[in-house]
Every structure is written in structure tokens, then in C-alpha cells.
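Respectively, the protein sequence lines represent chains D and P.
Using this note's numbering, you'd call the opening residue of the first sequence number 1 and step up by one each time.
Using this note's numbering, you'd call the opening residue of the second sequence number 1001 and step up by one each time.
We treat Cβ as the ideally placed atom computed from N, Cα and C, and that holds for glycine.
Everything numeric in this text was worked out from a predicted model, so none of it was measured.
2 protein chains.
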Amino acid sequence: MGVTLKELAASLNLSPTTVSRALNGYPEVNAKTRKRVRDAADRANYHPNTRARSLATGRTHAIGHVIPLSDSHEIVNPVFADFIAGAGETYSRAGYEMVLSMVPDADEEQAYRNMIARGAVDGMIVHGPKLNDPRIAMLTQLGVPFVVHGRSSGVDAPYSWLDINNNRSFRRATEFLLQLGHRRIALVNGLEHMDFAMRRRTGYVQALTEAGVAPDPALMRQAEMTEVFGHRAATDLMRLPDPPTAFLSSSMLVAYGLRRALVDQGVRLGRDVSVITHDDDLSYLPNGGDVPLFTATQSSVREAGRKAAEMLLKTIHTPQHPPLTCLMETTLIVGESTGAAIR
Amino acid sequence: MGVTLKELAASLNLSPTTVSRALNGYPEVNAKTRKRVRDAADRANYHPNTRARSLATGRTHAIGHVIPLSDSHEIVNPVFADFIAGAGETYSRAGYEMVLSMVPDADEEQAYRNMIARGAVDGMIVHGPKLNDPRIAMLTQLGVPFVVHGRSSGVDAPYSWLDINNNRSFRRATEFLLQLGHRRIALVNGLEHMDFAMRRRTGYVQALTEAGVAPDPALMRQAEMTEVFGHRAATDLMRLPDPPTAFLSSSMLVAYGLRRALVDQGVRLGRDVSVITHDDDLSYLPNGGDVPLFTATQSSVREAGRKAAEMLLKTIHTPQHPPLTCLMETTLIVGESTGAAIR
DNA sequence: CCGGTTATCCAAAGCGTTTTGGAAGGTTGA
DNA sequence: TCAACCTTCCAAAACGCTTTGGATAACCGG
């Protein structure tokens, strides 16, 4: 523990009041005194105790994140690391701290409730929204500022969110493959009770339908997005009597798995079979070096974290403001994993 | 914000003192009253305000983590997500919360200082120790309980740490390859100013030397551990006049890159060239399904997180206790990526 | 019936801040 | 010169909890 305000004040022969005001930039303190106080504070490495301050002000200067662990295998989705890194940048610049809670899906609601009831945070980020996500109504009802990373289809009441245009993104990717002559296009998706995965499938189905291609359920897979899942999916799908000539993947890791399976089977990527993947632009999973490995719909999840945090801080500072929303478009980057369909 | 203790007490016609004691399990309160209080608290969803509580008790019931972002590319190492998930399990079980700060390498020391000076945490976890890491002396001097995930060669004074036996792990892996007849063994390592990477190289060099094989600097690479780095390293190394017949990799992602490069060159994994990788057992990066993809030195970083958190809580609760240490061995899992050297 | 326990409760202080409501002294304007 | 300001500071209350040090009443043994 460090110096306290009282001690600092005593050492300066000033009252705590004056020292507090001097440091917080209030006008009613002499310029000379202010400087004297600031210098002494620096010298003593004084930082106001956050607990005491938040008790006095009623604001915690902290944001809560509840990261869900997929109940099945307690998998923590790797996008969280980068999203949080982005949000963390914003927080530290604004003098906020981040408090994190990682809990199994089942305990999630309680985790939000607790953080709030204990007065631990000024606002929250909602991660991984599902269809009709109950957390949104809950937080609205509790009156806590929050921003959802993603959206929740089925929730009508307005709320603040930041999302990428998953539908459009996968629609365009599908159209791109269709233009290359592909007709048998597989979708290797995340779990479709997750909102983002559902929207991606919708976009994919829409593009197919508009092009007069009947969506084939046999070509759609969904699971936790791991490399192994990608491998299994591609292996299975290539065994079909009428196998796909192109794959749409929901994550880089899945795409790795797809590639491994395809290569195992002696299929040339970008020649015999095409692959487009979504790329969250994770810092440790770059899509190739100079030339992109995969053709990809790309959007930086880190940037999303930065922006979502900014939105949240804004709603905290102007509580009466109506909900903020932000829809980010992805960019379609052409790499070496796509080519014309062989006929 | 929720109900306050005073309100709850008033609604029960009791003093705040009694309500507090009833809820905190002190003996000097009638069993009947206690039940009445507990019930009312549940009904009102009362949770004590953490800020107020920690102000009163002097303990925050919070642990600080400072996650470094590699200064070059601001990469956040994916192992952190799983480590933190593990630590988080322990924390929530013990009623602690986790406060996170993600900062560029350069600002790291200040981030620790701030958290402590502001009285935001009861203890800290030190991530990613480098050789002769200054944070250890700093925290020791500040008198804050902490546990290092890893160790720091060059720091003599005792401190609490939890580490895997990197040296032994890579020594064994190297010996394994030597026994298979490999002599040209490449090391594709993390950045060697990181303690773990340095220890791995030492283990590797020791095994080679003991076997009478001269370590060849041309066969050692180090960088941020991404897939792309693995690909580049393998591509380069295979171009050598006397290319390696085996690779040692420091992470799963690097191994993915190695495999891609090798496959690109038409080399068969486990036949023409062998690969052993370290596997942190990340939840979203499983080493294959039923049968392991890679021969690997495996150790769950999530389990490490759980244990490190437990150690930290222990040192917090018994401050006079001497430093705790824990050295975890890895297990060598044989997969399909290794085989006898071709002669 | 009475001193001494024991069981049960409470008033008040304190944790480290911010903030409200002055107070003292100096300055200004007529 | 004197009321009416500023300017600059401070004492004390408040935030929501825990904890110290009683207080009250009931109970007990002799």
C-alpha cells in the first residue's frame, strides 16, 4: 500500500481537501500550491486508493467482462484474447480498469448479477451473444450500461452493440465462389446457437438461393471452431458421393484443419478445391506473411475491442443517451486458396 | 447498485453490526436471527459492496494480472487465455476477482506499480518472465505477494514461482530424436530473451552435446511463435546444403507452420522428417483428435493457471510463509510426426 | 437473592477518498 | 471607509462496510 491522502496533506501542512482538489484540477486552489502538491505527490508516488475513491464518488472506473467457457469442453474462444487486448488499450488510456470473470456458460447470468450487485463495475461488455440472449434484458432491467459484442436476433428492445456484418460478409464470400463456378459449397460453421454463426449461415443460404442453387444440409457443419473440427469436417465432406468443390470456414483455425485434411487427400488448395475463411486478424494467427494464405473475409477483432470499449465509456458518461450501435464491414481479401471450379 | 447493509438492517429492525456478523458467520448471533437475516439477504439479492468491504478490511479480494503485449507487433500470446481461464476458476471458487491490464512491454513495470499503489489488488501474477527480470525485485521490494508463471534465470533472491521443466522437456525430446537416429535437429524456438525459451535451448544443446553432436547455430531459429514463423523457418532450413531431418518446435502454432512448409515441399511428416513440438494443451488447439497429430511434450497451461492461483492465494493468507515453488514435468506423447531417421 | 457468566445485540469509530458548506483574509468599487 | 466581492483554504460529513468495546438481559450456582 502506498501513501494516503492524509499523510501527503500532513507532510505539506495542508488539509486533505486542498490536496484532493489540487490533484483533481479544481480551480479553487492557488497555482503555486497546486504545483507544490503535484510535485510532492509525484515524489511520494501517490496514487489515490481506487476503492476509497469509488466509494466516495459512486463510480468504480472499472469495466466488467464475463468470458463464457463453452460448457461442453470448457473451450475458451481465442478471439477473446485479442478483443480484450483492444478493449484494454482503450481502458488504460481512459484510466479504467478491467475486471474479468471466466465462467462456464451455465453460471454466466449469475456472474453478471454478482459483479453488479457487489458494485464492482460501472459497465459491462457482453461477449458471445446467442439467439434471444437473456442477458440483454437482464442488464437493461438492472439499468447497467453495457455494450454487446455482436447482436442477438430475437431481442427487440434497443440496446448498444458493435458487430461485424456477418450476413453480408458470408453472402459476398459465397457469391465470390459462385462466380468462380462453384456449385457445391460447404459451410463449416461455428455453433449456430451463437448469433454470429447463425447470421453467417443465413448469408450463405441467401447467396446460394439467389443464384438458384439449392442449399444442401449435407454440406453444412457446425461445431466448436478448432483445427481438429476443420479436419474432421473436410474429411467427412470429401467422402460424400458428390463432394464440395469449395469450403466456407468460420475461423482461421478451422481453415487450418480444412487445409490439412485436403492436403492429406492429395487435393490442391486453390486448384482442385477452394477455401474462404473468416479471419479475425488475431495477432498470433496472421493470414500468411506477404501474400495471404487464404482468401478471407477479414475484420480485426482487436479493433472491435477498442471500439466497443469506447462506445461503452461514452454511454457511461452520458447515461441518458440512446443506445449506440456500430456495424463493421469485413474486407474480402483474395489469397491463394481460391480458384475457378474445375468442370 | 443493490441494497445496502444499512437498508437491509433497517428492514429487519436490526443494527448493521448484527446483520454483518450474521452474514459473515460470527458466533455472537442467535441462530434464529441469523437465519432470518440470511433469508432476507437472499430475498433482496444483497451482496456486500466490494469497494466498501475492502476499504474496511484492507483486503481487496482481487488479483492483478499484467499481460504483456510483445512490443514489436503487439502480439498477445495465446497461452494467456488458457492460463487465465485456469486461474479464473480458482479465483471464483475462492471469491476473488481478477483485474487485468494489457500493456506494451515497455509500460509493464509502471502497470504493476500503479495497480499496487492504487490498492487495487492483494497480489499479482507475473507473466512471461525474461532473463533477469526486474519485476521480481520490484514486487519483492514493494512487499506484495506474487507468483511468477515461469522463472527468471539470474534472479538469485528466492521468490514464488510455478514453471514447467523446460530444460528437461526439451532435453528428453532431443534425446528421443537422437535415439531415432537423427543428427541434424533444428530448434524453432520462441524469443530467447524469454526465460522459457532460453531453458529449452539449453536442454536441447545439452542433449546434443552429451550425444557428441555439435550444436549448429545454423539450425536454431527464434521469433514470436506464430504459424507464419514456423513456415518461414522450415522453408529456410530445408534450403540449407545439409538440411535438418528433425525439428523441435516451441509451440503448436509454430508446428502447424512447420508442417505446412514441409508438406509444401513434398516431405512426408514422420517419415522423411520428424517434428516434435511443445503442446500447451490449449483448449482450442488440441493436438489432434483420438490419435495425436504431433509427437509432443505436453503440459496443460490451464492447469498451471489453476495451480499458480492457488499458490498465490496461499501466500496471501500466510504472508510470513517462505516462497512456494512448483516444477511441473511435461509428458512426452508420441504421435505420428516422428520416425526413424532415413540413412 | 446476588455476583458472575453467557448470550445477544448495538453505537460508534474507522478505512481513504470526495464534496458540501463555510471561514479568513485580501481586494475592489463607490 | 465600508460593504461586497474574490481567492484560497479547511472542517466535517458522507460513501458502505467491518470491528472494537461495550450494554442489556437472561441464566447459573451457591
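Below 6 Å CB to CB, which residues in the same chain sit around residue 196 (chain D) once its five sequence neighbours on both sides are set aside?
The answer, listed in chain order, is 150, 166.
Taking only three categories from DSSP, how would you classify residue 122 (chain D)?
coil
Pairing CB atoms from the segment 1027 to 1036 of chain P with CB atoms from the segment 1093 to 1101 of chain P, are three or more of them under 8 Å?
Judged by Cβ distances under 8 Å, the segment 1027 to 1036 of chain P makes no contact with the segment 1093 to 1101 of chain P, as fewer than three pairs qualify.
Under 9 Å, CB to CB, which of the residues in the segment 1185 to 1209 of chain P have a partner in chain D?
none
When the distance is taken between beta carbons, is residue 1079 (chain P) closer than 8 Å to residue 1282 (chain P)?
yes
Does residue 1045 (chain P) pass the burial test, meaning 16 or more other C-beta atoms within 10 Å, or should it be called exposed?
exposed
Three Cβ pairs or more, each shorter than 8 Å: is that satisfied between the segment 1108 to 1125 of chain P and the segment 1203 to 1221 of chain P?
no
Closest to residue 250 (chain D) by CA distance: which of D:120, D:241, D:194, D:326 is it?
D:194
Give the secondary structure of residue 246 (chain D) by DSSP, where H, G and I count as helix, E and B as strand, and everything else as coil.
strand
With a CB to CB cut of under 7 Å and the five nearest residues on each side skipped, what residues in its chain are close to residue 244 (chain D)?
184, 185, 186, 219, 237
Tell me the residue span of the beta strand (DSSP E) that contains residue 317 (chain D).
From DSSP, residue 317 (chain D) is part of no beta strand (DSSP E) but of the alpha helix (DSSP H) over 301 to 317.
Give the DSSP-derived three-state secondary structure of residue 1231 (chain P) in the structure shown.
helix
Using 10 angstroms around the beta-carbon of residue 133 (chain D), count the other beta-carbons present and answer buried if the total reaches 16, otherwise exposed.
buried
Hey, how far is the Cα of residue 1297 (chain P) from the Cα of residue 269 (chain D)?
The alpha-carbon atoms of residue 1297 (chain P) and residue 269 (chain D) are separated by roughly 31 Å.
Which one or two residues does DSSP pair with residue 276 (chain D) in a beta bridge?
D:248, D:295
At 3 residues or longer, what runs of the beta strand (DSSP E) sit wholly inside the segment 1024 to 1109 of chain P?
1062 to 1069, 1097 to 1104
Does the beta carbon of residue 1007 (chain P) come closer than 8 Å to any beta carbon on chain D?
no
DSSP three-state call for residue 1198 (chain P): helix, strand or coil?
helix
Is residue 241 (chain D) close to chain P, meaning its C-beta is less than 8 Å from at least one C-beta of that chain?
no
Anything in chain P within Cβ reach of residue 288 (chain D), meaning under 7 Å, just list it in chain order.
Chain-ordered, the chain P residues with CB closer than 7 Å to the CB of residue 288 (chain D) read 1228.
Grab me the residues of residue 116 (chain D)'s own chain with a C-beta within less than 7 Å of its C-beta, minus the 5 sequence neighbours each way, in chain order.
142, 144
Three Cβ pairs or more, each shorter than 8 Å: is that satisfied between the segment 1046 to 1056 of chain P and the segment 117 to 129 of chain D?
Yes: the two stretches touch, three or more of their Cβ pairs being nearer than 8 Å.
Could you list the residues in the segment 96 to 109 of chain D with a C-beta less than 8 Å from some C-beta on chain P, going in chain order?
97, 98, 99, 100, 101, 102, 103
Does the beta carbon of residue 283 (chain D) come closer than 8 Å to any beta carbon on chain P?
With a threshold of 8 Å between beta carbons, residue 283 (chain D) makes contact with chain P.
Among the residues of its own chain, which have a CB less than 7 Å from the CB of residue 89 (chain D), if the five just before and after it don't count?
306
Would you mind giving the Cβ-Cβ distance between residue 1291 (chain P) and residue 1233 (chain P), rounded to the nearest angstrom? I have them listed as a contact below 8 Å.
So it is not a contact: roughly 26 Å between Cβ atoms.
At a cut of 8 Å, does the segment 201 to 215 of chain D reach the segment 159 to 177 of chain D through at least three beta carbon pairs?
yes
Label residue 1246 (chain P) either buried or exposed according to how many other C-beta atoms from any shown protein chain fall within 10 Å of its C-beta, with 16 as the threshold for buried.
buried
Select from D:277, D:101, D:257 the residue whose C-alpha is nearest the C-alpha of residue 1086 (chain P).
D:101
Between the alpha carbons of residue 1147 (chain P) and residue 288 (chain D), how many angstroms are there, rounded?
36 Å
Can you list, in chain order, the residues of its chain with a C-beta nearer than 6 Å to that of residue 1190 (chain P)? Leave out the 5 residues immediately preceding and following it.
1197, 1225, 1250, listed in sequence order.
With a 10 Å radius around its C-beta and 16 neighbouring C-beta atoms as the bar for buried, classify residue 1015 (chain P) as buried or exposed.
By the neighbour-count rule (16 or more Cβ atoms within 10 Å), residue 1015 (chain P) is not buried but exposed.
Can a CB atom of chain P be found closer than 8 Å to the CB of residue 68 (chain D)?
No, no contact with chain P.
List the endpoints of the continuous beta strand (DSSP E) containing residue 132 (chain D).
First-last for residue 132 (chain D): undefined, no H or E at that position.
For residue 145 (chain D) and chain P, any beta-carbon pair shorter than 8 Å?
no
With a cut-off of 8 Å on the beta carbons, I'd call residue 1157 (chain P) and residue 1178 (chain P) a contact; round off their distance for me.
Not really, about 37 Å apart at Cβ, beyond 8 Å.
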